[in-house]
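Data first, discussion second: the structure below is written as structure tokens.
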Amino acid sequence: MKKLDWLQWALLWAVLTMFCWGVYGPILGKATGELGGSRALAMACIGAGYGLLGVILGWIILKMKLVPDKGSWTRDGFIKGGFAGLLGVGGNLSLVIALMLYHRPEVVMPLVFGGVQLGNTVFTCLDLKKWPKRGFVIGVLLLIVGVVVALMFRPAPEAHAGEAEPMNWWFLAWVAGVWLTWGKYGVAVHSSIFAFGKSGIRSMISISLAYVIFALCGGLLVYFLGFEPNAAITEPGLTKGLIAGLITTAGAWGIVFGNRYVKGGPSIVMPLVFAGAPVVNSFFAVWWLGLSWSAISPVFWLGLLIVAFGGYLVLTNKPDADHH
Numbered sequence: 005m006k007k008l009d010w011l012q013w014a015l016l017w018a019v020l021t022m023f024c025w026g027v028y029g030p031i032l033g034k035a036t037g038e039l040g041g042s043r044a045l046a047m048a049c050i051g052a053g054y055g056l057l058g059v060i061l062g063w064i065i066l067k068m069k070l071v072p073d074k075g076s077w078t079r080d081g082f083i084k085g086g087f088a089g090l091l092g093v094g095g096n097l098s099l100v101i102a103l104m105l106y107h108r109p110e111v112v113m114p115l116v117f118g119g120v121q122l123g124n125t126v127f128t129c130l131d132l133k134k135w136p137k138r139g140f141v142i143g144v145l146l147l148i149v150g151v152v153v154a155l156m157f158r159p160a161p162e163a164h165a166g167e168a169e170p171m172n173w174w175f176l177a178w179v180a181g182v183w184l185t186w187g188k189y190g191v192a193v194h195s196s197i198f199a200f201g202k203s204g205i206r207s208m209i210s211i212s213l214a215y216v217i218f219a220l221c222g223g224l225l226v227y228f229l230g231f232e233p234n235a236a237i238t239e240p241g242l243t244k245g246l247i248a249g250l251i252t253t254a255g256a257w258g259i260v261f262g263n264r265y266v267k268g269g270p271s272i273v274m275p276l277v278f279a280g281a282p283v284v285n286s287f288f289a290v291w292w293l294g295l296s297w298s299a300i301s302p303v304f305w306l307g308l309l310i311v312a313f314g315g316y317l318v319l320t321n322k323p324d325a326d327h328h
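Add 4 to a position in the sequence shown, counting from 1, and you land on the number used in our numbering.
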């Protein structure tokens with residue numbers, strides 16, 4: 005993978021992930037609703053996506069040597085990859101619950117990406133034992149301002165009197181859960197890649213196996229044990245859920261390959277992803293949810309821009325992670 009220079013590779017993987025993770029939230033929210041509000045079935049769909057596009061495709065790529073890979077299977081790699089996968093599952097579950105508590109993916113997803121930027125940077129600083137730079141502090145302040153502005157001027161479908169959906173503020177607790185789990189995710193992925201001898205493919209397979217075990221098998225177990233009496237298996241719900249699972253898995257490939265092949269991957273790819281994904285998400289959500297452009301306040305877009313720029317400053321001013 006040396007035909008393109010580092011900047012081209014950075015843009016390639018970042019654009020792939022920001023698009024996938026930008027459109028993922030609204031589709032997942034729709035799928036969960038059409039599955040009777042079943043968080044277990046939604047997680048099972050995500051796990052199925054990782055099984056197909058992560059485990060099976062990853063194994064094919066590895067065996068057919070479609071991508072250069074000189075790594076090796078190690079016990080430490082499986083442990084670290086499994087931990088990264090478990091963090092990913094925890095973040096997805098928290099996201100599903102947040103979307104169920106507040107049916108506004110065009111609001112929830114920007115908040116998620118804004119906080120994940122901060123979480124990723126904090127965990128990286130703790131891992132490297134380095135103090136943040138001045139730009140980091142400025143970025144944090146911009147993130148806070150942007151999140152508050154986006155929340156206050158959130159877009160919403162036109163509704164008749166008495167039909168407006170009340171905000172269940174508990175959704176913010178689950179959004180914070182996404183911040184913590186996905187914030188640690190990038191560091192964990194980076195560690196698993198090098199535990200496998202710099203093998204991004206093996207890292208992705210181990211991460212995906214964790215999704216199959218905890219998301220797919222765990223979700224189906226919860227469903228068949230009857231813990232969600234309102235759960236309903238429907239063709240539209242399963243279709244959208246599997247599409248969401250495949251899309252988020254494709255985005256994970258972008259993160260893995262970005263960390264592996266881009267020089268200074270975590271500090272280059274992640275800023276582009278988490279700054280661009282909320283913007284992609286907002287444009288997609290407007291179309292997906294059938295919102296009128298006139299229903300969206302310009303101040304909301306300003307909030308998104310502040311979040312994106314704040315996240316960019318936070319991640320580009322964090323200590324660089326060495327590839328070891």
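C-beta: ideal position from N, C-alpha, C; glycine also.
None of these values were measured; they are calculated from a predicted model.
Collapsed DSSP secondary structure at residue i in the structure displayed
i      : result
PRO30  : helix
SER337 : The structure shown does not extend to residue 337, since the chain is modelled only from 5 to 328, so the question has no answer here.
ARG79  : helix
PHE157 : coil
LEU229 : coil
ALA219 : helix
LEU295 : coil
ASN321 : coil
ASN285 : helix
ALA165 : In this prediction, ALA165 has a pLDDT of 49, which is less than 50 and means its spatial position is unreliable; what the coordinates show is noted afterwards. Coil.
ILE188 : Per the sequence shown, the amino acid found at residue 188 is Lys instead of Ile. Three-state result, LYS188: helix.
SER301 : coil
PRO235 : One point to set straight first is that residue 235 is Ala, not Pro, in the sequence displayed. Coil, per DSSP.
SER207 : helix
GLY201 : coil
Range covered by the alpha helix (DSSP H) that runs through residue i
i      : result
ASN172 : Segment: none, ASN172 is in no alpha helix (DSSP H) and carries neither H nor E.
ALA254 : 239–265
GLY40  : Unbroken run through GLY40: none, as it is neither H nor E.
Assigned exposure category for residue i - 16 Cβ within 10 Å defines buried
i      : result
TRP173 : exposed
VAL152 : exposed
SER207 : buried
VAL303 : exposed
PRO240 : exposed
MET113 : buried
HIS328 : Since pLDDT at HIS328 reaches only 49, below the 50 mark, its modelled position is unreliable, and the value read off the structure follows with that caveat. Flag for HIS328 reads exposed.
TRP257 : buried
ALA289 : buried
ARG43  : buried
PRO72  : exposed
LEU97  : buried
ILE310 : buried
PRO233 : exposed
ALA236 : exposed
TRP77  : exposed
LYS84  : buried
PRO296 : Checking the displayed sequence, the identity of residue 296 turns out to be Ser instead of Pro. Exposed: under 16 other Cβ atoms inside 10 Å.
TYR54  : buried
LYS34  : buried
CA-to-CA distance, residue j to residue i, given in whole angstroms
i      : j      : result
PHE231 : GLY26  : 31 angstroms
GLY307 : ALA279 : 12 angstroms
VAL19  : ILE259 : 10 angstroms
LEU32  : LYS244 : 7 angstroms
ALA214 : SER298 : 43 angstroms
LEU184 : GLY95  : 8 angstroms
VAL116 : VAL182 : 7 angstroms
ILE142 : LEU220 : 40 angstroms
ARG138 : LEU146 : 13 angstroms
LYS67  : TRP292 : 38 angstroms
LEU317 : PHE140 : 6 angstroms
PHE200 : MET156 : 45 angstroms
GLY294 : ARG79  : 48 angstroms
ASN263 : TRP17  : 9 angstroms
LEU225 : ILE217 : 11 angstroms
PHE127 : GLY187 : 7 angstroms
CYS49  : ILE300 : 31 angstroms
HIS107 : GLY92  : 22 angstroms
VAL120 : TYR28  : 16 angstroms
THR320 : SER195 : 20 angstroms
SER210 : GLY222 : 17 angstroms
LEU130 : ALA177 : 23 angstroms
TRP63  : LEU70  : 10 angstroms
PHE87  : ALA154 : 32 angstroms
VAL59  : ALA192 : 18 angstroms
(message) Quick check for students: name the residue ranges of the alpha helix (DSSP H) that lie wholly in the region 63–109, counting only runs of 4 or more.
(response) The qualifying runs are 79–105.
(request) Report the residue ranges of all alpha helix (DSSP H) runs contained in full by the region 116–158; include only those spanning at least 4 residues, in chain order. (result) 138–156
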